[in-house]
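Under our numbering, the residue at position 309 of the sequence shown is numbered 309, and the numbers go up by one with no gaps.
Where is the CB? At the ideal position from N, CA and C, for every residue including glycine.
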Amino acid sequence: MRTQVAIIGGGPSGLLLSQTLHRAGIDTVVLERRSKAHVLSRIRAGVLERGLVAQLEDAGLGARLQREGQPHDGTVLAHGEREIRIDFARHAAAHVTVYGQTEVTRDLYRAREAMDARLIFEVEDVVITGADGPSPEVSFQTAEGARTLACDYIAGCDGFHGVSRKTIPQTLRQDYEKVYPFGWLGVLSETPPVHDELIYATSALGFALCSMRNPTLSRYYIQCRLDDRPEAWSDDAFWDALRRRIPAAYAETLVTGPTIEKSIAPLRSFVTEPMQWGRLFLCGDAAHIVPPTGAKGLNTAASDVYYLSQALIGHYKDGDDAGLRGYSDRALARVWKAERFSWWMTRLLHRFPDQTAFDLKMQEAEVAFLSESEPAQAVLAENYVGLPY
Ligand code: RFL
Ligand code: PHB
């Protein structure tokens with residue numbers, strides 16, 4: 001089997017890259033370790049920056065997103081009973097769009113399948129060879145047996161636990177990592193959202209986030225211990241913990257019900273440099289992870305896809321390899337700013353087990369400053385709606 005660009009991973013990065021390259025006349029094959037149903041069952045991101053919305057529109061995926069995506073002109077930060085509304089429209093002349101990653105992925109699969117794209121599911125034992133030479137190959141197993149995919153370039157879109165990053169020799173890359181001493185317990189529930197904007201809340205009991213997917217589907221998170229298990233949390237215990245962490249006015253109007261999904265995600269900041277080795281290019285979670293506090297993971301994956309697709313189009317259409325040579329530096333320049341923002345939001349809004357009385361005072365002072373300073377709110381708004389590509 002042969003293609004121009006072999007894409008490892010059929011999550012949002014791999015699918016968006018495949019769709020964008022297809023529209024530019026570049027052939028791809030996507031190799032995905034799991035089944036399509038499994039990929040679509042993962043509940044993840046919910047907030048899309050304008051850059052990602054524009055990319056999806058350019059990729060021919062605007063119709064349902066326009067119909068069902070909800071524009072949000074602001075968000076609420078709550079510290080105990082103190083509320084700060086961050087006005088994106090006023091401070092950044094922009095909005096974000098609430099539209100689930102599951103729906104983005106579903107739209108991408110539909111579009112790719114409508115074009116008879118080559119998507120191979122449930123591949124195992126993926127091995128990349130020759131990425132540092134002129135003729136890279138990807139070998140893998142399917143139910144039918146061993147296969148080899150020859151290609152010009154490989155896009156490693158296989159997430160944090162994938163094989164692509166690990167193929168780059170350890171001596172040629174530098175990993176930067178910060179692991180946080182807590183996780184997020186998230187639930188999905190068929191109840192109306194408690195508010196029409198997201199609420200990022202911090203209290204003496206820890207962080208909570210009130211988010212949503214649509215007017216009848218809510219997504220809530222609370223900070224939890226790293227050794228917590230979702231099964232240990234009854235629905236009642238979850239709702240109780242959430243109510244105690246959000247301002248009283250919201251706690252009183254919160255509509256609760258049975259949860260339809262409950263999972264725990266650890267929080268981590270991670271970047272590998274460079275994001276390229278020979279003809280192998282990393283995109284999205286394969287190269288970097290952010291804690292979800294700033295809603296940046298999917299959006300940063302999307303800017304990587306933008307830079308890489310532009311670079312590959314430059315190569316195939318204009319014979320210009322400058323974009324490929326500069327891919328890693330260009331992507332990392334934006335990635336580090338999203339890392340900084342996500343780390344800052346995480347530090348501002350969570351309770352850390354080793355936090356001293358002084359650290360708590362610093363957090364309080366930062367929230368007080370934010371509530372009084374328009375420029376500080378503008379900085380938050382500018383980062384939240386997404387820095388330009
Ligand atoms: P993914 O989504 O992990 O997809 C990688 C795919 O590669 C497959 N794979 C392999 N395939 C072939 N061979 C192998 N050896 C393979 N190994 C793995 C996997 O099965 C998978 O299908 O990475 P991608 O495409 O880079 O997308 C990244 C995003 O999924 C991620 O950054 C976001 O979900 C992060 N995130 C959020 N991002 C936002 O922008 N806004 C948010 O509001 C937001 N909220 C979140 C989040 C992530 C969360 N969790 C669970 C980590 C909330 C949560 C709770
Ligand atoms: C979500 O809706 O899943 C979500 C929203 C905002 C975040 C993280 C997750 O910062």
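Sequence-distant residues of the same chain with beta carbon closer than 6 Å to residue i, five excluded per side
i	result
residue 202	79 and 349
residue 287	272 and 275
residue 90	none
residue 184	221 and 265
residue 127	139
residue 178	269
residue 330	307
residue 167	128
residue 148	137 and 139
CB-CB length for residue i against residue j, believed under 8 Å
i	j	result
residue 60	residue 23	7 Å
residue 241	residue 222	5 Å
residue 200	residue 77	5 Å
residue 302	residue 52	4 Å
residue 75	residue 197	5 Å
residue 226	residue 181	7 Å
residue 114	residue 135	With 8 Å as the limit, residue 114 and residue 135 do not qualify as a contact, their Cβ atoms being about 32 Å apart.
residue 324	residue 259	Not confirmed; about 45 Å, so no contact.
residue 26	residue 316	5 Å
residue 35	residue 124	Rounded, the Cβ-Cβ distance is 12 Å, inconsistent with contact.
residue 279	residue 86	Residue 279 to residue 86, Cβ: 42 Å. No contact.
residue 3	residue 18	The Cβ separation is near 10 Å, so there is no contact.
residue 281	residue 162	In fact, because the Cβ distance is near 13 Å, the residues do not count as touching under 8 Å.
Residues of its chain near residue i, where Cβ-Cβ distance is below 7 Å and the 5 sequence neighbours each way are ignored
i	result
residue 119	10, 30, 32 and 112
residue 372	none
residue 50	94, 385 and 386
residue 246	78, 199, 201, 208 and 210
residue 376	369 and 370
residue 21	5, 28, 309 and 312
Local Cβ density within 10 Å of residue i, reported as buried at 16 or more and exposed below that
i	result
residue 275	buried
residue 361	exposed
residue 261	exposed
residue 1	exposed
residue 38	exposed
residue 195	buried
residue 253	exposed
residue 176	exposed
residue 145	exposed
residue 193	buried
residue 356	exposed
residue 158	buried
residue 388	exposed
residue 69	buried
residue 257	exposed
residue 255	exposed
residue 14	buried
residue 67	exposed
residue 229	exposed
residue 234	exposed
residue 476	The structure shown does not extend to residue 476, since the chain is modelled only from 1 to 389, so the question has no answer here.
residue 334	buried
residue 339	buried
residue 236	exposed
residue 110	exposed
heavy atom of the ligand NAP below 7 Å from residue i C-beta
i	result
residue 181	What this structure holds is the ligand RFL and the ligand PHB, not the ligand NAP.
Chain-order list of residues whose beta-carbon lies under 8 Å from that of residue i (same chain, five-residue window excluded)
i	result
residue 326	311
residue 88	72, 73, 74, 75, 94, 95, 96, 381, 384 and 385
residue 107	56, 61, 64 and 65
residue 105	11, 12, 15, 39 and 40
residue 378	91 and 92
residue 46	98, 99, 100, 101, 211, 212, 213, 219 and 295
residue 332	271, 273, 274 and 275
residue 353	181 and 182
Nearest-residue set for the ligand PHB, Cβ under 5 Å from any heavy atom: Those residues are 46, 47, 211, 219, 292 and 295, given in chain order.
Length at least 3, wholly inside the region 129-168: the beta strand (DSSP E) runs in chain order: Counting only runs of 3+ residues, the beta strand (DSSP E) found wholly inside the region 129-168 occupies 137-142, 145-150 and 153-156, in chain order.
Entirely enclosed beta strand (DSSP E) segments - the region 32-96, minimum 3 residues: Entirely contained in the region 32-96, the beta strand (DSSP E) runs reaching 3 residues are, in chain order, 70-72, 74-79 and 82-87.
Complete beta strand (DSSP E) runs within the region 195-280 (minimum length 3 residues, chain order): Taking only runs of at least 3 residues, the beta strand (DSSP E) segments lying wholly in the region 195-280 are 199-203, 206-214, 217-224 and 259-273.
Continuous beta strand (DSSP E) assignments of at least 3 residues falling wholly in the region 278-309: Secondary structure in the region 278-309: the beta strand (DSSP E) runs of 3 residues or longer, each lying completely within the stretch, are 280-282 in chain order.
Complete runs of the alpha helix (DSSP H) confined to the region 307-343 [at least 4 residues]: Counting only runs of 4 or more, we get nothing.
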